[in-house]
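One line per chain: the protein sequences are A and B, in this order.
Numbered per my numbering, the first sequence spans residues 292 to 680.
Numbered per my numbering, the second sequence spans residues 81 to 212.
Glycine included, C-beta positions come from ideal geometry on N, C-alpha and C.
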Amino acid sequence: MAAAETAIAGLGMTELGKVYGKTAPQFAAEAVRLAAADAGIELSDIDGLIMSGGLNSSIGLDLQGMLGLTDLNLLTFMQGYGSTAGQMIQYAAMAIQSGTADVVATVWADDPLRPNRGGGAAYKQNASVPAGWRGLQASNGLYSANTSYALAARRHMKRFGTTQDQLGHIAVAQRDWAQLNPLAQFYGTPLTLEEYHASRYIAEPFHLYDCCLVSNGGIAVIVTSLERARDLTQPPVRLLGWAQGHPGRTGIRNDDFGLVTGAATSGPRALRMADTTLDEIDVVEVYDCYTYTALVTLEDYGFFPKGEGGPALAEAGAIGPNGKLKVNTGGGELSSYYMWGMTPVSEAIIQARGHGGERQVEKHDRVLISGNGGILDYHSTLVLGTDRS
Amino acid sequence: MPTYPVARDQATADFFDAAAAGRFLIVRDSVTGEYHEPQFDVSADPKRYERTPASGRGTIVSWAVVHERQADGSTARRTVGIVQLDEGPWWWTEIQGADPDADLDGRGVVVAFTQLGSDEGGEVLPYFRLEE
Numbered sequence: 292m293a294a295a296e297t298a299i300a301g302l303g304m305t306e307l308g309k310v311y312g313k314t315a316p317q318f319a320a321e322a323v324r325l326a327a328a329d330a331g332i333e334l335s336d337i338d339g340l341i342m343s344g345g346l347n348s349s350i351g352l353d354l355q356g357m358l359g360l361t362d363l364n365l366l367t368f369m370q371g372y373g374s375t376a377g378q379m380i381q382y383a384a385m386a387i388q389s390g391t392a393d394v395v396a397t398v399w400a401d402d403p404l405r406p407n408r409g410g411g412a413a414y415k416q417n418a419s420v421p422a423g424w425r426g427l428q429a430s431n432g433l434y435s436a437n438t439s440y441a442l443a444a445r446r447h448m449k450r451f452g453t454t455q456d457q458l459g460h461i462a463v464a465q466r467d468w469a470q471l472n473p474l475a476q477f478y479g480t481p482l483t484l485e486e487y488h489a490s491r492y493i494a495e496p497f498h499l500y501d502c503c504l505v506s507n508g509g510i511a512v513i514v515t516s517l518e519r520a521r522d523l524t525q526p527p528v529r530l531l532g533w534a535q536g537h538p539g540r541t542g543i544r545n546d547d548f549g550l551v552t553g554a555a556t557s558g559p560r561a562l563r564m565a566d567t568t569l570d571e572i573d574v575v576e577v578y579d580c581y582t583y584t585a586l587v588t589l590e591d592y593g594f595f596p597k598g599e600g601g602p603a604l605a606e607a608g609a610i611g612p613n614g615k616l617k618v619n620t621g622g623g624e625l626s627s628y629y630m631w632g633m634t635p636v637s638e639a640i641i642q643a644r645g646h647g648g649e650r651q652v653e654k655h656d657r658v659l660i661s662g663n664g665g666i667l668d669y670h671s672t673l674v675l676g677t678d679r680s
Numbered sequence: 081m082p083t084y085p086v087a088r089d090q091a092t093a094d095f096f097d098a099a100a101a102g103r104f105l106i107v108r109d110s111v112t113g114e115y116h117e118p119q120f121d122v123s124a125d126p127k128r129y130e131r132t133p134a135s136g137r138g139t140i141v142s143w144a145v146v147h148e149r150q151a152d153g154s155t156a157r158r159t160v161g162i163v164q165l166d167e168g169p170w171w172w173t174e175i176q177g178a179d180p181d182a183d184l185d186g187r188g189v190v191v192a193f194t195q196l197g198s199d200e201g202g203e204v205l206p207y208f209r210l211e212e
């Protein structure tokens with residue numbers, strides 16, 4: 292017997308960005324309540340809960356109690372860093388297909404921002420007692436993901452001739468999308484290529500606007516069977532395909548570091564499961580912790596031949612609201628909000644439902660989502676579809 | 081040059097002992113002859129995997145220039161990179177003596193050591209510098 296089809300039935304998003312006065316668990320609980328209301332179900336209909344949070348968030352299994360959920364059939368915290376959101380939805384779908392649970396809420400939340408403290412301080416490691424290998428690297432100046440990804444990007448630039456200007460085009464195109472997204476932290480603040488180049492360096496080759504935002508908030512997604520989703524409030528968003536790709540030993544002795552990522556195995560497998568080809572994909576929401584990450588993921592997924600993503604994305608009319616490739620339509624992590632993997636997931640659901648307002652992509656039957664975690668260590672892919680397709 | 085003291089843990093004790101004697105330890109697979117990175121877990125098979133001093137030389141695989149804000153509000157540029165040791169494994173490190181505006185791809189580097197902190201608490205820390 293074929294496994295039951297699954298679907299996303301609910302999306303809950305708290306206020307996102309510079310939002311203070313709540314802890315990550317409180318954001319998570321609010322997001323789940325919002326997702327249930329969005330789906331048109333009672334909280335008590337949820338019988339599975341999968342949660343995750345940022346590096347220092349205090350989200351834990353007591354979220355069940357905060358939500359007043361009893362007699363759950365599935366409960367866990369998981370961590371795959373930027374690949375987490377995609378993974379949580381995959382495990383939720385598999386739990387439903389196996390009969391482990393019927394309605395699974397997946398939620399991610401974080402609270403790294405504090406009032407009167409810059410975003411740059413949000414993810415700084417505690418440097419008071421550095422120890423071991425990590426301490427040694429940190430003392431050598433390698434204490435930030437910005438630097439590690441800069442090393443990856445530089446390698447791509449050296450090997451393939453990718454330029455700063457090409458990375459800038461990605462930043463500008465996504466900022467253009469954000470001008471159509473009232474949820475975006477950079478809504479109302481466009482960016483020119485000149486401003487991109489003039490922005491301060493964080494870790495060369497990365498300027499400030501090569502790097503993602505920092506945000507507080509929470510996003511929850513409710514997964515159930517397609518059959519059940521059809522009886523609920525929102526248009527069902529089908530989960531057509533998924534996969535993961537975790538290369539291992541990245542950056543330790545791996546000739547492909549910075550050049551090829553886990554997306555190269557995860558993407559094609561997810562598309563195969565969805566019985567979908569790349570040219571059938573209408574909307575792409577890629578994990579863009581950095582401009583470079585969007586570029587290398589699009590290459591690895593096969594939208595461009597390896598090494599040709601830079602010039603292709605910088606071509607006039609390639610990306611952005613009027614571009615041929617509809618990628619990161621809400622502004623992405625660079626320009627909308629940084630909810631790790633829930634950023635591309637949430638925008639993908641909005642687009643698949645046809646709820647994108649001014650930024651809605653006309654044809655949105657197939658949506659491809661990436662999640663990338665660690666320093667290109669972990670990758671997840673989802674392929675979503677509308678119920679009519 | 082490394083900026084603050086680092087404490088050893090069980091996984092790094094042998095490495096820091098060797099660093100104090102001016103040696104940069106990597107791991108050798110006695111079966112295949114292959115070399116592994118310093119972090120490789122020799123406890124997986126202590127008879128097969130042995131720590132051994134590397135030549136301390138390598139070439140730059142990639143590099144970045146970190147812009148660090150100083151207490152006086154100025155910005156300092158600090159070059160870091162991935163080094164492929166001559167024996168094969170990679171090592172992520174600061175690279176001293178490099179022009180941050182230069183193309184460092186493939187340039188040769190050599191290990192150096194510095195001690196930070198007190199004799200009791202501060203380990204001798206390796207970093208790399210550009211070969212003359």
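Who are the near neighbours of A/Ala418 in its chain, counting only those whose CB is closer than 6 Å to its CB and skipping five residues on each side? Numbered from its first residue, the first sequence carries residue 418 of chain A at position 127. Legend: pLDDT at A/Ala418 = 47, less than 50; position of this residue unreliable, no value from coordinates given.
Quick one: residues in its chain with C-beta nearer than 6 Å to the C-beta of A/His537, no 5 flanking neighbours on either side, listed in chain order? Along the first sequence, read from residue 1 onward, the residue named residue 537 of chain A stands at position 246. The residues are Gly553, Tyr669.
N- and C-terminal bounds of the beta strand (DSSP E) containing B/Pro133: Counting from 1 along the second sequence, the entry for residue 133 of chain B is found at position 53. Element bounds for B/Pro133: 129–133.
Unbroken alpha helix (DSSP H) run spanning A/Leu346, endpoints: Position 55 of the first sequence, counting from 1, holds the residue named residue 346 of chain A. Note, A/Leu346: premise wrong, no alpha helix (DSSP H); not H, not E.
Through-space distance from B/Gln195 to A/Thr733, alpha-carbon basis: Outside the displayed range of chain A (292 to 680) lies residue 733 of chain A, so it cannot be described from this structure.
Residues bridged to B/Leu165 [DSSP beta-bridge criterion]: As a position in the second sequence, residue 165 of chain B is number 85, starting the count at 1. B/Leu165 pairs with B/Gly138.
Quick test of the definition: if touching needs 3 or more C-beta pairs under 8 Å, does the segment 323–338 of chain A touch the segment 647–663 of chain A? No, because fewer than three Cβ pairs between the segment 323–338 of chain A and the segment 647–663 of chain A fall closer than 8 Å, the two stretches do not touch.
Delimiting residues of the alpha helix (DSSP H) encompassing A/Tyr440: In the first sequence, residue 440 of chain A corresponds to position 149, counting from 1. Secondary structure note for A/Tyr440: its alpha helix (DSSP H) is the uninterrupted segment 436–451.
If you reduce the DSSP assignment to three classes, tell me which class A/Glu485 lands in. Position 194 of the first sequence, counting from 1, holds the residue named residue 485 of chain A. Assignment of A/Glu485 by DSSP, reduced to helix, strand and coil, places it in the helix class.
Out of B/Ala156, B/Phe193, B/Gly113, B/Thr92, point me to the one whose CA is closest to B/Ser123's CA. In the second sequence, residue 123 of chain B corresponds to position 43, counting from 1. Cα-wise, what sits closest to B/Ser123 is B/Thr92.
Is there contact between the segment 528–547 of chain A and the segment 376–396 of chain A, where contact requires at least three CB pairs shorter than 8 Å? Flag = yes, the segment 528–547 of chain A and the segment 376–396 of chain A touch.
Measuring CB atoms only, is the segment 487–503 of chain A touching the segment 636–656 of chain A, in the sense that at least three cross pairs come out at less than 8 Å? Taking 8 Å as the limit for Cβ pairs, the verdict is that the segment 636–656 of chain A does not touch the segment 487–503 of chain A.
Taking a cut of 7 Å between CB atoms, which residues from the segment 634–654 of chain A lie near chain B? Result list empty, no residue passes.
Can a CB atom of chain A be found closer than 9 Å to the CB of B/Asp125? Along the second sequence, read from residue 1 onward, the residue named residue 125 of chain B stands at position 45. Taking a beta-carbon distance threshold of 9 Å, B/Asp125 does not count as an interface residue toward chain A.
Test item: CB-CB of B/Ser213 and B/Glu130 under 9 Å: Residue 213 of chain B is absent from the structure shown; chain B starts at 81 and stops at 212.
Can you give the Cα-Cα distance for A/Ile610 and A/Ala603, rounded to whole angstroms? Mapped onto the first sequence, residue 610 of chain A falls at position 319. Mapped onto the first sequence, residue 603 of chain A falls at position 312. Approximately 9 Å, taken between the alpha carbons.
So, helix, strand or coil for A/Gln476, using DSSP? As a working mapping, residue 476 of chain A is identified with position 185 in the first sequence. Correct three-state label for A/Gln476: coil.
Return no unless some Cβ of chain A is closer than 9 Å to the Cβ of B/Gln150. Here residue 150 of chain B refers to the residue found at position 70 of the second sequence. Chain A contact via Cβ: absent.
Along chain B, in chain order, which residues have C-beta atoms closer than 9 Å to that of A/Arg491? Residue numbering aside, residue 491 of chain A sits at position 200 when the first sequence is read from its first letter. Within 9 Å Cβ-Cβ: His147, Thr155.
Between the segment 430–446 of chain A and the segment 337–345 of chain A, are three or more C-beta pairs nearer than 8 Å? Flag = no, the segment 430–446 of chain A and the segment 337–345 of chain A do not touch.
Counting only the same chain and skipping the five closest in sequence on each side, list residues whose C-beta sits under 8 Å from that of B/Ser142. Reading the second sequence from its first residue, position 62 is the one you call residue 142 of chain B. Gly161, Ile162, Asp185, listed in sequence order.
On the DSSP bridge list, what partners appear for B/Arg157? Mapped onto the second sequence, residue 157 of chain B falls at position 77. BP columns for B/Arg157 point to B/His147.
Does the separation of the CB atoms of A/Asp678 and A/Arg521 fall below 9 Å? Translated into the one-based positions of the first sequence, residue 678 of chain A becomes position 387. Translated into the one-based positions of the first sequence, residue 521 of chain A becomes position 230. In contact: A/Asp678 and A/Arg521 (Cβ atoms closer than 9 Å).
Rounded straight-line distance, which links the Cα of A/Gly647 to that of A/Thr573: Taking the first residue of the first sequence as position 1, residue 573 of chain A is located at position 282. Taking the first residue of the first sequence as position 1, residue 647 of chain A is located at position 356. Note that residue 573 of chain A is Asp in the sequence shown, not Thr. Near 14 Å, if we compare the C-alpha coordinates of A/Gly647 and A/Asp573.
Taking only three categories from DSSP, how would you classify A/Ala418? Your numbering for residue 418 of chain A matches position 127 in the first sequence. With a pLDDT of 47 at A/Ala418, under the threshold of 50, the predicted position of this residue should be treated as unreliable, though the coordinate-derived value follows. Coil.
Supposed close pair A/Gly373, A/Tyr578 - CB separation, criterion 8 Å: Taking the first residue of the first sequence as position 1, residue 373 of chain A is located at position 82. Taking the first residue of the first sequence as position 1, residue 578 of chain A is located at position 287. Rounded to the nearest angstrom, the Cβ distance from A/Gly373 to A/Tyr578 is 5 Å, consistent with a contact under 8 Å.
Ordered along the chain, which non-local residues of its own chain (more than five positions away) have a Cβ less than 7 Å from that of A/Leu302? On the first sequence, position 11 is the one that residue 302 of chain A refers to. Listed in chain order, the non-local C-beta contacts of A/Leu302 below 7 Å within the same chain comprise Ala326, Asp329, Val512, Ser637, Ile640, local neighbours out to five positions each way being set aside.
A/Glu333 versus A/Leu363 - alpha carbon distance: Here residue 333 of chain A refers to the residue found at position 42 of the first sequence. Here residue 363 of chain A refers to the residue found at position 72 of the first sequence. Rounded to whole angstroms, the gap between the alpha carbons of A/Glu333 and A/Leu363 is 14 Å.
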